[in-house]
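Visitor: Residue numbers (this note's numbering), protein chains in the order written: chain A, 132 to 488; chain B, 132 to 488; chain C, 132 to 488.
The beta-carbon is built from N, C-alpha and C at its ideal position, and this holds for glycine as well.
Shown below is the structure under consideration.
As structure tokens, then:
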């Protein structure tokens with residue numbers, strides 16, 4: 132469906148090597164090119180998952196679910212753009228809730244007057260998300276002060292590493308929980324939402340997976356290289372690009388699936404997609420990037436989010452708790468989630484400098 | 132019932148023109164005079180609403196529901212008392228929840244051992260309130276930093292204007308939702324709580340509306356003129372007056388109705404009154420004042436709330452979510468809401484200087 | 132069961148008077164000695180409560196429920212260690228929720244696949260806790276700024292005293308509510324969880340109560356005296372000791388009982404124990420210490436909690452609301468509560484200096 136967007140892949144490569152000064156064009160073209168690639172990566176993952184049996188399949192889905200986001204973030208890490216990476220982590224958590232869920236509730240609400248979902252399941256997932264987000268961003272409040280005291284600077288990195296290990300352990304247990312001990316809980320939610328497609332041959336699945344990953348990595352490098360000059364051209368901050376552009380690209384797949392689910396009146400699934408994706412960012416993507424930054428990139432990355440982002444993430448997850456506890460959605464709730472996202476975007480747009488730690 | 136308080140209207144005018152130095156007396160007299168005027172304004176609005184059919188009637192009620200508050204705030208705006216206006220906006224949201232709802236739950240709880248309400252409806256409204264409040268006050272966290280950097284000062288005003296437009300659009304959609312697409316949801320809640328009074332002739336309704344509005348505007352100018360000297364006489368800050376006196380006056384009507392509803396064991400209505408009123412302040416009164424300040428008053432007003440107010444508003448709306456999700460109330464819950472309000476008032480009373488941005 | 136730990140009582144006394152320089156040994160020995168003493172104090176209180184009839188018995192249980200914590204805190208107050216006292220108050224509220232409840236849910240979840248509880252009752256208690264915690268720590272946001280302005284310093288103490296009086300009044304009403312007007316609500320929850328033991332003679336109960344109190348007070352003085360040198364030896368801050376060691380010791384009894392309850396599949400009771408204990412710290416222990424500090428100790432103590440602790444307490448109580456509203460628990464929820472506690476502990480461990488106001 133989005134396959135014609137693949138034309139942007141060669142276009143991006145051509146621009147990069149023939150018109151390297153056209154940063155803005157390159158940036159836009161690369162951003163568009165990533166969308167269909169991410170779609171193919173997702174499809175290949177699902178095909179492999181279906182062949183692998185429940186356990187391994189679930190693991191594959193969970194691990195590659197945020198692969199696009201992870202690849203872009205690694206490219207940014209290698210370029211030393213820590214502010215972009217942090218902003219995209221926070222932006223991804225916020226975006227999944229306010230933008231993805233908001234759009235799903237709005238689209239669903241335009242078709243159905245009122246939609247219902249199992250508030251118990253949604254509430255349980257929202258609680259997990261709150262705890263994950265607290266563990267991720269609350270220490271930033273303590274780090275903020277440490278950043279002002281030179282001799283404590285090193286401690287911030289140690290603390291970030293230690294937290295990352297705790298988060299990864301929590302994620303491993305979360306996978307064990309959802310794939311082994313309590314998999315029944317998630318049965319209905321993980322059902323295939325797309326029209327059942329044919330099963331691919333193993334070779335095709337692996338080939339598509341490899342090709343999509345390679346291209347995403349290549350285009351990501353180009354995208355990241357164009358971030359700073361493009362941001363400057365627009366008068367935007369790196370962080371704005373991180374919170375909005377990178378986070379939205381990384382979650383394009385969730386976006387499509389959640390809206391499709393809402394239009395099929397399956398709000399349980401729409402909620403689960405957006406909440407689960409946020410949990411994975413907090414418990415898996417973020418700590419992998421912090422620990423990975425010890426080995427790649429010019430210098431290690433810490434978890435010292437600026438105050439505004441910290442508070443926004445915390446409020447977003449609290450709102451999720453309220454929305455999920457509610458058991459019903461309609462278009463107004465979608466509008467309000469989107470309005471909150473828009474206001475948040477405006478704050479970043481107008482006073483980007485204040486977003487720095 | 133409160134009609135004898137109308138005697139304070141001529142008293143205020145007399146004091147203002149005969150004893151202009153008696154600021155404190157004038158302030159108290161003006162404050163008391165506004166209470167019965169607001170009552171008449173409310174009654175006239177209801178009469179007009181009843182004659183106008185559901186749609187327009189609902190619109191009238193929604194728009195004029197916070198008319199008193201709006202008129203006082205405009206007077207303060209014209210006098211350049213931005214801190215009073217902001218404080219009254221925050222104080223109104225907080226007061227509706229902690230004071231109005233607390234008093235209703237306490238009074239209702241003294242009469243009935245336990246009161247129940249439809250937690251689903253209340254929870255949906257609480258979610259709307261949370262989203263509205265977040266959109267209103269969260270950007271203040273970003274603005275705080277910008278205020279310290281001279282070249283960003285202008286951006287704060289631009290951001291405030293942009294947010295105001297988003298909030299007004301959200302409010303328009305909220306009205307469309309509650310008056311058109313989902314009016315059934317609110318059917319039970321908007322029922323007349325007062326003993327059904329006779330229908331007034333159209334002329335009387337319009338006349339009372341006009342007279343009450345005129346007098347409220349007049350007395351408001353006098354009240355606002357007396358705020359600064361009275362605050363000084365008491366050793367209070369302007370903001371204390373804004374958060375407590377102005378916000379309480381502006382919500383006197385909600386106060387009475389919510390308590391009456393609670394005493395009739397209609398907690399659904401009591402919750403709805405206080406939550407709806409807060410939603411209107413966040414989505415309608417606040418943006419109208421910001422955009423209005425571009426045309427009236429010595430200089431435009433922004434939305435940079437000080438940190439203490441921001442956190443208090445956010446916690447108040449989160450508490451509303453908990454209280455509403457609960458489905459039951461008793462006197463202790465009322466006491467605790469009032470205690471939180473009292474503690475908040477004490478903080479303002481003792482260290483007013485810290486409330487400034 | 133823990134009686135052999137009583138051997139640490141004479142050991143502590145011996146160390147204190149024979150090897151006063153072994154601060155670390157003394158600290159550890161004193162900490163261990165307090166655990167069985169607190170157990171005996173609890174048992175004696177229960178025996179007295181059982182003999183005294185419902186009303187007075189409930190009062191005894193409520194008042195002495197946090198006796199160990201109160202005694203240790205008074206010793207710290209006399210030593211002028213205000214930071215330790217404040218940290219132990221915040222740490223106690225946080226620990227009851229994240230550590231005690233987390234451990235109970237994990238242990239219960241390892242035995243039962245899924246545990247259920249009455250979410251209405253739990254939610255009502257969580258709401259009370261949120262309101263109590265807000266009243267306790269929110270004013271700290273206002274105080275922080277006042278602490279930077281010398282002439283406002285005195286106001287912070289006045290404000291703290293005033294808040295303490297409000298909190299104590301709220302606590303008195305809470306007792307009246309739970310022991311008189313709404314005692315039926317708590318009937319199931321306060322049932323004896325331990326195997327019904329024989330009733331002691333009155334003399335024995337009073338004797339054990341007196342002896343345990345005396346010894347706890349004595350050992351507490353020794354413990355507190357060893358805090359500063361031990362903290363220095365470990366490179367820890369006083370606050371770390373306060374938040375973790377003192378708060379955990381003070382809640383050892385709740386800890387055991389909550390886990391026992393969870394293992395008996397009585398999650399209602401486990402939730403009630405941890406939430407009630409936090410409510411008592413906020414509404415009773417904290418204000419008693421502030422007002423008591425006017426009479427004992429080198430100087431009065433205020434309620435100016437540092438920003439990190441304030442936010443952590445607020446988020447913890449909000450999480451409680453979500454967890455309680457949920458109605459179900461399993462081992463993953465326990466793991467996540469414990470992970471959040473661990474991350475919070477790591478933040479304190481690595482950058483203790485930032486925890487100071």
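Just reading off the alpha helix (DSSP H) that residue 479(B) is part of, what are its end residues?
Guide: Segment 462-481, the alpha helix (DSSP H) holding residue 479(B).
Visitor: Quick check: residue 181(B) and residue 406(B), are their CB atoms within less than 8 Å of each other?
Guide: No.
Visitor: Does the beta-carbon distance from residue 293(B) to residue 467(A) come in below 8 Å?
Guide: It is not a contact, given that the beta carbons lie outside the stated cut-off.
Visitor: Helix, strand or coil: how does DSSP classify residue 289(A) here?
Guide: It is helical.
Visitor: Using only alpha-carbon positions, find the residue among 135(B), 158(B) and 170(B) that is nearest to residue 384(B).
Guide: With distances taken between Cα atoms, residue 384(B) lies closest to 170(B).
Visitor: Whole alpha helix (DSSP H) runs in the region 326-366 of chain A with 4 or more residues, listed along the chain?
Guide: 333-365, all fully within the region 326-366 of chain A.
Visitor: Comparing alpha-carbon positions, which option in 479(C), 196(C) and 232(C) lies nearest residue 397(C)?
Guide: The shortest C-alpha separation from residue 397(C) is found at 232(C).
Visitor: Could you list the residues in the region 241-252 of chain B with a C-beta less than 7 Å from some C-beta on chain C, going in chain order?
Guide: Those would be none; no residue qualifies.
Visitor: Hey, could you find the ends of the alpha helix (DSSP H) residue 385(A) is sitting in?
Guide: Segment 383-394, the alpha helix (DSSP H) holding residue 385(A).
Visitor: Which residue comes first and which comes last in the alpha helix (DSSP H) that contains residue 251(A)?
Guide: Counting along the chain, the alpha helix (DSSP H) containing residue 251(A) begins and ends at 250-268.
Visitor: Reducing DSSP to helix, strand and coil, say where residue 397(C) ends up.
Guide: It is coil, neither helix nor strand.
Visitor: Pull up the DSSP beta-bridge partners for residue 247(A), would you.
Guide: Per DSSP, 459(A).
Visitor: Hey, quick one: how far does the alpha helix (DSSP H) through residue 158(C) stretch, first residue to last?
Guide: Here the alpha helix (DSSP H) through residue 158(C) covers 154-182.
Visitor: Should residue 394(C) be flagged as near chain A, meaning a C-beta pair shorter than 8 Å?
Guide: It does not: the Cβ of residue 394(C) has no partner Cβ on chain A nearer than 8 Å.
Visitor: On a Cα-Cα basis, can you pick out the residue from 448(A), 439(A) and 203(A) that is closest to residue 476(A)?
Guide: The candidate whose alpha carbon is nearest that of residue 476(A) is 439(A).
Visitor: Can you check which of these residues, 252(B), 413(B) and 373(B), is closest to residue 315(B) by C-alpha distance?
Guide: Of 252(B), 413(B) and 373(B), the residue nearest in Cα terms is 252(B).
Visitor: Helix, strand or coil for residue 150(C) per DSSP?
Guide: Correct three-state label for residue 150(C): coil.
Visitor: What are the boundary residues of the alpha helix (DSSP H) that residue 214(A) is part of?
Guide: Start and end: 213-225.
Visitor: Does the region 207-225 of chain C come close enough to the region 236-255 of chain C that 3 or more CB-CB pairs lie under 8 Å?
Guide: Short answer: they don't touch.
Visitor: Determine, using beta carbons only, whether residue 265(A) comes closer than 8 Å to chain C.
Guide: Closer than 8 Å to some Cβ of chain C, the Cβ of residue 265(A) qualifies, so yes.
Visitor: Taking 8 Å as the CB-CB limit, is residue 473(A) close to chain B?
Guide: Residue 473(A) counts as touching chain B.
Visitor: Please confirm if residue 442(A) has its CB atom under 8 Å from at least one CB of chain B.
Guide: Yes, residue 442(A) counts as interfacial toward chain B.
Visitor: Need the endpoints of the alpha helix (DSSP H) that residue 236(A) sits in, please.
Guide: Where residue 236(A) is concerned, the enclosing alpha helix (DSSP H) stretches over 233-242.
Visitor: Just the C-alpha distance for residue 436(C) and residue 378(C), rounded to the nearest angstrom, thanks.
Guide: Looking at the two C-alpha atoms, the distance is approximately 16 Å.
Visitor: Name the chain B residues whose beta carbon is nearer than 7 Å to that of residue 363(A)?
Guide: What residue 363(A) touches in chain B: nothing, since even the nearest Cβ is about 17 Å away.
Visitor: Taking Cβ positions, are residue 350(C) and residue 151(C) nearer each other than 8 Å?
Guide: Not a contact, by the Cβ cut-off of 8 Å.
Visitor: Taking the continuous alpha helix (DSSP H) assigned at residue 199(A), which residues delimit it?
Guide: It spans 198-209 - the alpha helix (DSSP H) in which residue 199(A) sits, taken as one unbroken run.
Visitor: With a Cβ-Cβ cutoff of 8 Å, do residue 168(A) and residue 157(A) count as a contact?
Guide: Not closer than 8 Å, so no.
Visitor: Which residues of chain C have a Cβ atom closer than 7 Å to the Cβ of residue 439(B), listed in chain order?
Guide: 272 and 273, listed in chain order.
Visitor: Would you mind giving the Cβ-Cβ distance between residue 272(B) and residue 442(A), rounded to the nearest angstrom? I have them listed as a contact below 8 Å.
Guide: Rounded, the Cβ-Cβ distance is 5 Å, consistent with contact.
Visitor: So what does DSSP say about residue 275(A), is it helix, strand or coil?
Guide: Helix.
Visitor: Looking at chain A, is there any beta carbon in it that lies within less than 8 Å of the beta carbon of residue 366(B)?
Guide: So, not an interface residue.
Visitor: Taking Cβ to Cβ, would you say residue 412(B) is nearer than 8 Å to residue 134(B)?
Guide: No, the pair does not count as a contact, with Cβ atoms beyond the cut-off.
Visitor: Just checking: is the beta-carbon of residue 193(B) within a distance shorter than 8 Å of some beta-carbon in chain C?
Guide: Judged by the 8 Å Cβ criterion, residue 193(B) is not in contact with chain C.
Visitor: Quick one: residues in its chain with C-beta nearer than 8 Å to the C-beta of residue 417(B), no 5 flanking neighbours on either side, listed in chain order?
Guide: Cβ within range, chain order: 220, 267, 295, 298 and 434.
Visitor: Which two residues bound the contiguous alpha helix (DSSP H) that contains residue 417(A)?
Guide: Element bounds for residue 417(A): 417-423.
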